[in-house]
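Data block below; observations after.
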Amino acid sequence: MATPAQSTAPETAARWLDGDVALITGGANGLGRAIALRYLAEGARVAVLDRDAEQLAALVDAAGAHANRVLAVTGDVRSTKDLHAAVAGAVERFGKLDILVPNAGIWDYHRSLTRLTGEELAEAFDEVFAVNVKGYLLAVEAAWRELVATRGSIIMTLSNSSFHTNGGGPVYTASKHACLGLVREFAYELAPKVRVNGVACGGMRTQLRGPESLGLDERRIEASFARAEAAGERPHVPLYDASVEPEDFTGTYVLLASRRNSGNITGAVVPVDGGIAVRGFRTAAGGADL
Ligand SMILES: NC(=O)c1ccc[n+]([C@@H]2O[C@H](COP(=O)([O-])OP(=O)(O)OC[C@H]3O[C@@H](n4cnc5c(N)ncnc54)[C@H](O)[C@@H]3O)[C@@H](O)[C@H]2O)c1
Numbered sequence: 001m002a003t004p005a006q007s008t009a010p011e012t013a014a015r016w017l018d019g020d021v022a023l024i025t026g027g028a029n030g031l032g033r034a035i036a037l038r039y040l041a042e043g044a045r046v047a048v049l050d051r052d053a054e055q056l057a058a059l060v061d062a063a064g065a066h067a068n069r070v071l072a073v074t075g076d077v078r079s080t081k082d083l084h085a086a087v088a089g090a091v092e093r094f095g096k097l098d099i100l101v102p103n104a105g106i107w108d109y110h111r112s113l114t115r116l117t118g119e120e121l122a123e124a125f126d127e128v129f130a131v132n133v134k135g136y137l138l139a140v141e142a143a144w145r146e147l148v149a150t151r152g153s154i155i156m157t158l159s160n161s162s163f164h165t166n167g168g169g170p171v172y173t174a175s176k177h178a179c180l181g182l183v184r185e186f187a188y189e190l191a192p193k194v195r196v197n198g199v200a201c202g203g204m205r206t207q208l209r210g211p212e213s214l215g216l217d218e219r220r221i222e223a224s225f226a227r228a229e230a231a232g233e234r235p236h237v238p239l240y241d242a243s244v245e246p247e248d249f250t251g252t253y254v255l256l257a258s259r260r261n262s263g264n265i266t267g268a269v270v271p272v273d274g275g276i277a278v279r280g281f282r283t284a285a286g287g288a289d290l
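The UniProt record's numbering puts the first residue of the sequence shown at 1, with every later residue one more than the last.
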């Protein structure tokens with residue numbers, strides 16, 4: 001006898017986001033760029049807000065045959081005016097908004113409490129929280145009306161630092177914990193009309209920068225990966241060969257955006273981090289050879 005699942009013909013041929021419209025913040029580089037290109041491949045039309053105009057233009061080039069389905073908007077996520085302009089631009093160009101991905105962020109380069117003066121800490125806090133937390137809050141404020149209209153969804157980029165220590169210093173860790181609070185609060189406030197979920201990413205090779213106030217705005221996390229690789233170090237996670245390329249993190253963003261495949265999921269966070277939560281004391285156990 002056919003199970004209920006077998007009795008329905010699978011729709012594997014359809015792209016998962018055909019006809020949807022997404023807005024991604026911080027999509028000119030790194031993870032946001034990879035999500036933008038993946039969403040295009042899944043059939044979506046994509047607006048990208050970023051402060052890096054040069055890299056935005058490069059993204060449109062990289063979209064190739066899909067370039068007519070990309071809208072590049074130069075702006076800063078700390079500005080509600082810029083975010084409202086991005087939402088209005090997406091709706092004007094593509095007719096609606098189904099998916100919001102708050103993603104733009106900066107890191108604190110592991111600056112621990114004991115390495116910072118009170119003044120540095122105060123300035124780094126204001127800068128990191130303004131981008132990482134206020135930027136998400138204001139993006140949702142700018143977009144929720146359009147998302148309610150389409151019964152759409154929000155997928156926030158979180159981090160292993162939304163749950164665990166030592167993925168940064170206190171400022172970054174607190175900012176990503178705060179974003180977890182935003183996922184939960186908005187999942188509650190916008191239900192049942194808008195689903196709100198998160199992807200807690202582990203480390204990956206991107207252009208992630210630090211705060212200007214600490215003189216770290218020209219540093220890029222990819223340089224840290226290059227140094228670790230040159231030293232023969234592997235990530236301290238159970239999947240010790242876990243990918244560090246942003247492209248390999250995008251599948252969960254597709255899944256959570258898909259009404260067909262995630263229609264009953266809200267307030268959830270998927271860890272895509274090589275299994276940090278079960279890593280025990282620092283080293284990977286290594287598994288067993290059969
Ligand atoms: N790279 C990692 O190891 C890692 C791990 C976990 C989570 N994350 C998170 O992933 C997200 C994306 O970071 P990434 O690693 O792709 O870095 P990235 O620097 O490659 O991309 C971030 C993008 O955000 C943009 N941006 C930064 N501040 C902005 C602002 N004020 N206004 C508009 N745009 C702004 C940058 O120009 C850049 O294009 C961040 O939220 C980060 O915290 C990264």
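For each residue, glycine too, the CB sits at the ideal point set by N, CA and C.
Bear in mind the structure is a predicted one, so any value in this text is a computation, not a measurement.
Would residue i and residue j qualify as a contact pair, given that the criterion is a beta-carbon distance under 9 angstroms?
i	j	result
A67	V73	no
A200	V269	yes
G267	N197	yes
A285	P238	yes
P97	E141	It is Leu, not Pro, that sits at residue 97 in the sequence shown. No, the pair does not count as a contact, with Cβ atoms beyond the cut-off.
I24	G32	yes
D126	S224	no
G203	P170	no
L17	A44	yes
Y172	V244	no
V77	R51	yes
D217	G168	no
S153	L256	yes
R38	Y188	no
G89	A47	yes
T157	P102	yes
E229	L208	no
S79	L138	yes
G274	A242	yes
L147	V183	no
V87	G105	no
residue 376	Y240	Nothing about residue 376 can be read from this structure; the chain reaches only from 1 to 290.
R259	R151	yes
P246	R205	yes
A34	T250	yes
A28	A58	yes
L40	G26	no
Compute the minimum distance between the beta carbon of residue i and the heavy atoms of ligand 1, and state whether it is under 8 angstroms.
i	result
P238	no
N197	no
L137	no
S213	no
G26	yes
R33	yes
N264	no
G251	no
K176	yes
T165	no
P235	no
I154	no
S243	no
D76	yes
T70	Sequence check: residue 70 is Val here, not Thr. Result no, Cβ not under 8 angstroms from ligand 1.
T80	no
G280	no
G181	no
G202	yes
N261	no
Kindly indicate the opening and closing residues of the alpha helix (DSSP H) around residue i.
i	result
A65	Where A65 is concerned, there is no enclosing alpha helix (DSSP H), given that its DSSP letter is neither H nor E.
T150	135-150
L121	118-129
I35	30-41
L83	80-94
Per DSSP, which residues does residue i bridge with? Please list them.
i	result
L71	A47
T25	L49
V101	I24
L158	A200
S153	I99, R195
Is residue i near ligand 2, going by C-beta to nearest heavy atom under 8 angstroms?
i	result
A223	Absent from the structure shown: ligand 2. Ligands present: ligand 1.
Length at least 4, wholly inside the stretch 174-258: the alpha helix (DSSP H) runs in chain order: 221-230, 251-257
Inside the stretch 256-282 only - alpha helix (DSSP H) runs reaching at least 4 residues: With a minimum length of 4 residues, the continuous alpha helix (DSSP H) runs that stay inside the stretch 256-282 are 259-262.
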